[in-house]
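Here the structure is laid out as structure tokens; the discussion comes afterwards.
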Amino acid sequence: MRSEQLTKGFSRREVLAGTVLSALTVMFPSLEADAALDSAKVTIPAGPGGGWDRTGRLTMRAMQSEKLIGAVQFKNIAGGGGTIGLTEFVRNAKGDDKALLFTGVIMMSSVITAKSPITIDMATPLACLTREYVGIGVAADSSFKTLADMVAALKADPSSVTVGGSGIGSVEHLALALMAQQSRIPLDKLNFITFSGNEYVPALVSGKIKAVMTGVSELKPLAEAGRIRIIGVTSAQPIKGVDIPTLKSAGLDITVSNWRGVVGARGMSELAKAQWISKLDKLSKSPSWAKALAEQGLEDAYLSGDAFAAFLKTENEGWTRTLTKLGLVK
């Protein structure tokens, strides 16, 4: 969640990845020649249309634009905040050098809260890719004109304010829990409903839920189309080009963000791991990637290989402490 801290040492990682790849190329002379012709089988651990789906598809399209990858086969597996997709990937893709899974903080927190025996560290860490902040969206005709209106309604009757998000223990659920904690609202009274992909849209428009908390990049097109309004965002500073008040400006000391990345199959060969990291390193510096990030309103949070593995360990420890402190993990 701290890309400015995570990108330190990038040049060293790049050199190390290049060294490993060079050594492997000596043993496997066709490696570089075959790299652009390779294919991928990509698991998206959520339904179509959501942040995970969009990140996975834009990443692979950008890789194709840079001729770093050939054919790509996608599979969407929704449910459990990404844990169902993770479980199937770990069990069924073992040793498959072409198998990739898109992951993120939502999956990590869902694994922690569900106490799942299948965890992210059972896959092969490749790269952290993006970061974005959580926006709070309401229907265009909602009575919540401001974040203060929503907080007031939560204080008056927490259970009446149905809020949608990606999963129990997710970054959205955490943001809502922090809002409640700082507003002295009982956490056990919150009415949080989980959705996969963009299923929350009809629920929000129809009034089934009063608000949704998800990535700003998901909400922005809906707001521009006049279907919803965005009343708050969890960034420390206002987001460039988006007129949304921060939670901090509303008196809530809350800053949280959602990172997303990609992992390989459990038991992936060292050759394939080096090749994928090399591809992703090249992608991270490419015009296609810069364009994709700008179009989606995502921040670059790139780091790869061992640095990403270390980041996953730190994130897991931090989220376990935070979720336990909030009472979301027993």
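Everything in the sequence shown is counted per this note's numbering, starting at 5 for the first residue and increasing by one.
Cβ atoms here follow ideal geometry from the backbone N, Cα and C, with glycine treated the same way.
When you compare only the Cα positions, how much space is there between residue i and residue j?
i	j	result
V205	A215	10 Å
L20	C132	Model confidence at L20 stands at a pLDDT of 45, short of 50, so the residue's coordinates are unreliable; what they give is reported in the following sentence. Near 17 Å, if we compare the C-alpha coordinates of C132 and L20.
G211	G86	26 Å
L35	M67	Note that L35 scores 45 on pLDDT, short of 50, meaning its location in the model is unreliable; the coordinates nonetheless yield the value given after this. Computed Cα separation, rounded: 17 Å.
E274	K102	13 Å
W323	A313	15 Å
P162	G268	41 Å
L223	T259	18 Å
D38	A276	Because D38 sits at a pLDDT of 41, beneath the cut-off of 50, its placement in the model cannot be relied upon, and the point is left open.
L226	P52	16 Å
G74	S282	15 Å
G84	K286	33 Å
A157	V333	26 Å
T29	V155	Low confidence applies to T29: its pLDDT is 43, below 50, so where it sits in the model is not reliable enough to give any reading.
Q241	D100	42 Å
A229	G271	45 Å
L284	S290	10 Å
D257	L182	9 Å
L302	T107	16 Å
W56	I124	15 Å
K12	A298	The predicted position of K12 is uncertain, since its pLDDT is 38 and thus under 50; a value taken from the coordinates is nonetheless stated next. About 22 Å.
Q185	L330	8 Å
K45	D153	45 Å
Name the DSSP bridge partner or partners of residue i?
i	result
S308	A131
S292	Answer by DSSP bridge pairing: none, since S292 is not bridged.
M217	I140
K45	Q77 and A103
F196	V167
G265	T107 and C132
R231	For R231, which the question treats as bridged, DSSP gives no partner whatsoever.
V237	G139 and T250
E303	R135
Let me check understanding here. Comparing Cα to Cα, which of the options lies closest to residue i?
i	options	result
E321	S113, S43 and R231	S113
F78	P242, M64 and A294	M64
P129	L307, D42 and T326	L307
G309	L90, L327, W280 and L72	W280
T91	K119, T250, V76 and L72	K119
T328	V165, L178 and T318	L178
Return the chain-ordered list of same chain residues with a C-beta closer than 7 Å to the C-beta of residue i, the five sequence neighbours on each side being excluded.
i	result
R231	A144 and V209
K159	S187 and I189
Q300	R58, L62 and S221
K193	P162 and S163
Quick one: residues in its chain with C-beta nearer than 6 Å to the C-beta of residue i, no 5 flanking neighbours on either side, listed in chain order?
i	result
Y137	V220, V237, T238, S239 and S261
S69	S292
L97	Per the sequence presented here, residue 97 reads as Ala, with Leu not at that position. A103 and A269.
T198	G171
F93	T47 and L105
I234	G139, G141, L223, A227 and I248
Assuming residue i and residue j make a contact with CB atoms under 8 Å, what is their CB distance in whole Å?
i	j	result
G265	T218	G265 to T218, Cβ: 18 Å. No contact.
G54	S174	Actually they do not touch by this definition, with Cβ atoms about 12 Å apart.
V167	F148	11 Å between Cβ atoms; not a contact.
L151	A254	4 Å
Compute the minimum distance between the beta carbon of residue i and the heavy atoms of the ligand SAM, and state whether it is under 7 Å.
i	result
A229	As for the ligand SAM, it is missing from this structure, which has no ligand bound.
Return the chain-ordered list of same chain residues with a C-beta closer than 8 Å to the C-beta of residue i, the five sequence neighbours on each side being excluded.
i	result
I88	P49, I81 and A82
Are the C-beta atoms of residue i and some chain B residue less than 8 Å apart?
i	result
D42	Of the protein chains in the structure, only one exists, and it is not chain B.
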